[in-house]
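Inspection log for the structure reproduced underneath, given as structure tokens.
In the working numbering, the protein residues as written are 899 to 1288.
Right, here's the structure in full:
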């Protein structure tokens, strides 16, 4: 028989995150500080709206682009929150999570051989989605000394005549890095001069702890060059509702919707009705979650530094990215031994790109009590390593 599997698919590595948590699920008394999922329940008023939509029999298809009421509400929301202004009927689409939106944007925009710039460490989906779109992924290795932010010089050094798209993954998973208005403004002339487009993944936009999030699409000259990705999973604790959205100029959005029509049809209807309620009436709930994350963030940073781990202060998302280079172990070795010896799961930095070597991703989307238990196990492991080095 001929090989039934696509070579392109075979060559894509599985997620470096999942293998750890497949083990954790089978390990008694294990603690996980690795999964990027809020530990909060979806706000009650959102759940109630989802229940109500089912009771009312709202189980029909919506339009391919999404429920009109939701797209209008997304338009209102991004206008007041991020100073983004788009035609809700032609430039906003509801997707099955943010990951689908990333996939659609790349497939709608690239030709075979086009180069897509992907700063790393970053979310695991960008590179395989670029490969599946027949683009050439080009990695920009971000540096700890720059707090894992993308600099103008790094961008200029990576651009070639084949470069078409820059993925902008801020606030960043896994590092927690954010980029200020001034830092984004330095990139804009380079993007425009080289006729690039930007896919800006802003799924953590609400989870910032030092000033408000700034979207590059809101800066002069960038409206027609940017596809903005966002969603409901992180800010509204709605991971299982599987709902995201994309915002893009009409010429790009028309093609994204076409792909969405054939692959998905539409996002879950009751999730869409619930999301309307989230955008309209859940600012207070989101604010309380952000305050709780900020408390955990500060506790975790202080605890890691007291253990002697170098860790720059992240101001976005819900992750810290401490260095473990001084122990002489690779990220994978450290994480595997920590799991086997102390039953604590974290994610090796290399799951997010080769330049993540020497780092770990630790999530603070957990209660303070769970964080304390996990940190006790990390402290115990570090003491063993230090004792072995003496």
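Think of the CB as a built atom: it goes at the ideal place given N, C-alpha and C, for glycine as much as any other residue.
Top-ranked residue by Cα proximity to residue i, from the options
{"i": "residue 986", "options": "963, 1193, 1086, 935", "result": "963"}
{"i": "residue 1295", "options": "974, 1000, 992", "result": "There is simply no residue 1295 to check, as the chain begins at 899 and stops at 1288 in what is shown."}
{"i": "residue 1188", "options": "915, 911, 936, 926", "result": "936"}
{"i": "residue 1109", "options": "1059, 1213, 1035, 1101", "result": "1213"}
{"i": "residue 925", "options": "1199, 994, 1283, 1237", "result": "1237"}
{"i": "residue 1063", "options": "916, 1039, 1090", "result": "1090"}
{"i": "residue 1226", "options": "901, 1284, 1259, 1095", "result": "1284"}
{"i": "residue 1163", "options": "1170, 1155, 1169", "result": "1155"}
{"i": "residue 996", "options": "966, 1101, 1071", "result": "1101"}
{"i": "residue 1041", "options": "1232, 1209, 1216", "result": "1209"}
{"i": "residue 1221", "options": "1203, 1235, 998, 1234", "result": "1203"}
Beta-bridge partners of residue i, as assigned by DSSP
{"i": "residue 1018", "result": "1039"}
{"i": "residue 1013", "result": "1034, 1061"}
{"i": "residue 1259", "result": "1245"}
{"i": "residue 1095", "result": "1063"}
{"i": "residue 1214", "result": "1106"}
{"i": "residue 1127", "result": "1099, 1144"}
{"i": "residue 993", "result": "1142"}
{"i": "residue 929", "result": "1242"}
{"i": "residue 1221", "result": "1257"}
Contacts around residue i, its chain only, beta-carbon distance under 6 Å, and the 5 residues preceding and following it disregarded
{"i": "residue 1098", "result": "1066, 1114, 1124, 1126"}
{"i": "residue 922", "result": "928, 930, 1243"}
{"i": "residue 1288", "result": "Confidence at residue 1288 is low in this model, with a pLDDT of 49, below 50, so the placement of that residue should be treated as unreliable; the coordinate-derived value is given next. Result list for residue 1288: empty, nothing under 6 Å."}
{"i": "residue 1136", "result": "940, 1130"}
{"i": "residue 1254", "result": "1019, 1247, 1248"}
{"i": "residue 1201", "result": "1273"}
{"i": "residue 915", "result": "1245, 1249"}
{"i": "residue 1293", "result": "Shown here, the chain extends from 899 to 1288; a query on residue 1293 therefore has no answer."}
Where the beta strand (DSSP E) through residue i begins and ends
{"i": "residue 956", "result": "Neither: residue 956 is in no beta strand (DSSP E) and is coded neither H nor E."}
{"i": "residue 1106", "result": "First-last for residue 1106: undefined, no H or E at that position."}
{"i": "residue 1149", "result": "From DSSP, residue 1149 is part of no beta strand (DSSP E) but of the alpha helix (DSSP H) over 1148–1161."}
{"i": "residue 1182", "result": "Unbroken run through residue 1182 is the alpha helix (DSSP H), 1181–1204; no beta strand (DSSP E)."}
{"i": "residue 1143", "result": "1142–1145"}
Own chain partners of residue i with C-beta closer than 8 Å, once the 5 adjacent residues on each side are dropped
{"i": "residue 1290", "result": "There is no way to answer for residue 1290, as the model of the chain reaches only from 899 to 1288."}
{"i": "residue 1117", "result": "1079, 1082, 1083, 1086"}
{"i": "residue 1198", "result": "1218, 1260, 1262, 1269, 1273"}
Own chain, CB closer than 7 Å to residue i, minus 5 neighbours either side, in chain order
{"i": "residue 1184", "result": "1104, 1133, 1134"}
{"i": "residue 1150", "result": "1006, 1007, 1125"}
{"i": "residue 984", "result": "973, 990, 1145"}
{"i": "residue 1308", "result": "With the chain running from 899 to 1288 in the structure shown, residue 1308 is simply not present."}
N- and C-terminal bounds of the alpha helix (DSSP H) containing residue i
{"i": "residue 1054", "result": "1050–1056"}
{"i": "residue 900", "result": "No alpha helix (DSSP H) contains residue 900, which DSSP labels as neither H nor E."}
{"i": "residue 1240", "result": "1229–1240"}
{"i": "residue 976", "result": "966–980"}
Cβ-heavy atom distance, residue i to the ligand ZN, below 8 Å
{"i": "residue 996", "result": "As far as ligands go, the structure on display features none, and thus does not contain the ligand ZN."}
Query raised in the report: Is the stretch 1024–1032 in contact with the stretch 1140–1159, if contact means three or more CB pairs nearer than 8 Å?
Result: Touching, no, given that fewer than three Cβ pairs across the two stretches are closer than 8 Å.
Query raised in the report: Is it true that the stretch 1010–1025 meets the stretch 1161–1181, where meeting means three or more beta-carbon pairs spaced less than 8 Å apart?
Result: No contact exists between the stretch 1010–1025 and the stretch 1161–1181.
Query raised in the report: Are the stretch 1258–1267 and the stretch 917–936 touching, with three or more C-beta to C-beta distances below 8 Å?
Result: Yes: the two stretches touch, three or more of their Cβ pairs being nearer than 8 Å.
**Report entry** the stretch 1033–1051 contacting the stretch 1059–1076, beta-carbon criterion three pairs below 8 Å
**Finding:** Taking 8 Å as the limit for Cβ pairs, the verdict is that the stretch 1059–1076 does touch the stretch 1033–1051.
Query - Segment contact flag, the stretch 970–984 with the stretch 952–961, C-beta cutoff 8 Å, min 3 pairs - result: No contact exists between the stretch 970–984 and the stretch 952–961.
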